[in-house]
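Under this note's numbering, read the sequence shown as residues 347 to 582, first letter to last. We put the CB at the ideal spot given by N, CA and C, even for glycine. In this text the structure is predicted, and so the values were computed from the model without any measurement. Down below is the structure, laid out as structure tokens.
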Amino acid sequence: MNDLRHDFHHELEELRNGIARLGATVVELIPRVTDILLEQDLEGAEYVLRGDIEIDVRATEIEEKALTLLALQAPVARDLRELASVLKLSPEIERSADLCCNICKAARRIYGHSLDPKLRGLIQKMSAQAQQEYKEVVEAYVARDGLRAAALPDMDGFLDDLHRQFIAQIFESHASGSIDLQVAVQLAVVARFYERIGDHAVNISQRVTYITTGELTDHEAAARTRVETPPGAEGT
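Shown next, in the form of structure tokens:
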């Protein structure tokens with residue numbers, strides 16, 4: 347029995363590491379897709395989009411392993427919370443990667459159109475804030491630090507403020523004639539993608555709190571992330 351429990355905890359630790367690595371992939375993707383957007387890097391966009399299938403496969407494998415452990419080991423208490431959280435975190439992170447891919451798709455749509463310095467600056471700020479939130483929550487997950495995770499909603503408020511500033515700047519840039527309507531619409535969608543990445547970071551933070559305390563709370567981010575992409579924003 348002790349050997350079985352040892353094997354179980356080893357497999358559980360592998361799942362934790364898998365979630366951490368998956369989250370770290372998104373942390374690295376956020377600034378990468380931002381550079382692709384700002385530099386109009388079509389080759390880079392294609393590379394990221396082609397690599398998304400690998401992320402999907404990794405996320406699915408993690409979920410399948412977690413379900414197998416649940417079925418075979420019947421864990422309780424914190425171990426049960428860990429496994430239940432893996433089943434939530436894996437798709438949460440996979441959707442975040444999808445949002446990064448959506449930024450690449452938007453980059454292809456606005457290819458050939460220049461952006462004024464104010465728009466570029468706000469895109470960089472949104473990207474940096476989204477990355478910081480994701481990095482923070484992945485590290486909180488690895489450390490099982492509930493207090494650190496609890497700070498994410500306040501951090502995300504800053505990203506929401508940047509989103510509002512960016513939308514206002516889009517209107518201003520369009521009114522001045524520096525961007526056309528098609529580009530304005532795509533940029534508004536891009537801003538929403540960054541905001542949703544932050545929402546996912548908040549959702550992950552709630553799971554970290556659940557793992558460490560057993561408390562599972564409802565929050566606005568869960569409602570906001572039910573639909574990942576506004577109508578008309580998908581496509582190739």
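Is residue i near residue j, with beta carbons less than 8 Å apart?
i	j	result
Ala443	Val372	yes
Ala405	Leu433	no
Glu482	Arg494	yes
Val435	Ile365	The residue asked about is misnamed: residue 435 is Leu in this sequence, not Val. It is a contact, given that the beta carbons lie within the stated cut-off.
Gln532	Lys464	no
Glu374	Asp402	no
Ser524	Asp425	no
Should residue i go down as buried or exposed, given a rule of 16 or more other Cβ atoms within 10 Å for buried?
i	result
Asn363	exposed
Phe512	buried
Thr315	A query on residue 315 cannot be resolved here, the shown segment of the chain reaching from 347 to 582 and no further.
Glu393	The sequence as given places Tyr at residue 393; Glu does not occur at that position. Answer is exposed; the Cβ neighbour count stays below 16.
Ile399	exposed
Arg396	exposed
Ala489	exposed
Gln552	buried
Glu428	buried
Ala537	buried
Ser431	buried
Between which residues of its own chain and residue i is the CB-CB distance below 8 Å, once the five residues before and five after are set aside?
i	result
Glu357	Lys411 and Leu415
Asp502	Glu479, Gly544, Asp545, Ala547, Val548 and Ala567
Ile382	Gly390, Ala391, Val394, Ile449, Cys450 and Ala453
Leu505	Met472, Gln475, Ala476, Glu479, Tyr540, Glu541 and Gly544
Asp526	His459 and His520
Leu413	Leu433
Ile408	Leu361, Gly364, Ile365, Leu368, Val432 and Ser436
Glu485	Asp491 and Arg494
Here's a check: name, in chain order, each residue in its chain whose Cβ is nearer than 6 Å to the Cβ of residue i, leaving out the five neighbours to either side.
i	result
Ile469	none
Arg570	Because the pLDDT at Arg570 is just 46, under 50, the model does not fix this residue reliably, and the value given afterwards should be weighed accordingly. Same-chain partners within the cutoff: Asp545.
Ala530	Ile516 and His520
Ala497	none
Thr380	Ser473
Val445	The question names Val, but residue 445 is Leu in the sequence shown. Same-chain partners within the cutoff: Phe539, Arg542 and Ile543.
Pro499	Val548
His355	none
Excluding sequence positions up to five away, which residues of its chain have a Cβ less than 7 Å from the Cβ of residue i?
i	result
Ile550	Leu435, Glu438, Val483 and Tyr487
Leu388	Arg454 and Tyr457
Glu561	Thr555
Gln386	Ala453 and Tyr457
Gly492	Val554, Thr555, Thr558 and Thr559
Leu384	Arg466 and Ile469
Leu508	Leu468, Lys471, Met472 and Gln475
Using beta carbons (cut-off 8 Å, strictly below), is residue i in contact with chain C?
i	result
Tyr480	Of the chains in the structure shown, none is chain C; there is only one protein chain.
Item to check | Segments of 4+ residues assigned as alpha helix (DSSP H) that fall wholly inside the region 471 to 550 | outcome: For the region 471 to 550, whole alpha helix (DSSP H) runs of length 4 or above, ordered along the chain, are 492 to 496 and 498 to 522.
Next on the checklist: So within the region 440 to 475, which uninterrupted beta strand (DSSP E) runs reach at least 3 residues, ignoring any that extend past its ends?
Outcome noted: Entirely contained in the region 440 to 475, not one beta strand (DSSP E) run reaches 3 residues.
Checklist entry - At which residue ranges does the region 353 to 440 contain complete alpha helix (DSSP H) runs of 4 or more residues, listed in the order of the chain? => result 388 to 419
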